[in-house]
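Take a look at the structure below.
In my numbering, the protein residues as written are 21 to 94.
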């Protein structure tokens, strides 16, 4: 599947929550209630494993502040 230069990746099978940062890049929370992590597709920052509530709050805070927008190179 070919993606346009500023397209978010497809949702992973274990996606729990998807936030969007200030430029629209996805910040995905994946895993399960006991072991979740987040990954920003704009700046590539990520977390370690935490409970879902903690990972959700961290991902939301990151999405609120992050202005990075990943552009795929061809």
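Every residue gets a Cβ at the ideal spot worked out from N, C-alpha and C, and that includes glycine.
Note down the Cα distance separating residue i from residue j, rounded to an integer number of angstroms.
i	j	result
residue 55	residue 71	5 Å
residue 51	residue 37	10 Å
residue 45	residue 75	17 Å
residue 87	residue 66	15 Å
residue 85	residue 33	26 Å
Within the 8 Å Cβ cut-off, does residue i reach chain C?
i	result
residue 89	No chain C appears in the structure shown, which is made up of a single protein chain.
Rank the options by C-alpha distance to the C-alpha of residue i and give the top, closest one.
i	options	result
residue 53	28, 43, 35	35
residue 73	58, 40, 89	58
residue 89	79, 47, 69	47
residue 69	49, 62, 63, 86	49
What is the DSSP secondary structure of residue i, counted as helix, strand or coil?
i	result
residue 45	coil
residue 37	strand
3-residue-minimum beta strand (DSSP E) runs that sit fully inside the segment 49 to 80, ordered along the chain: 56 to 60
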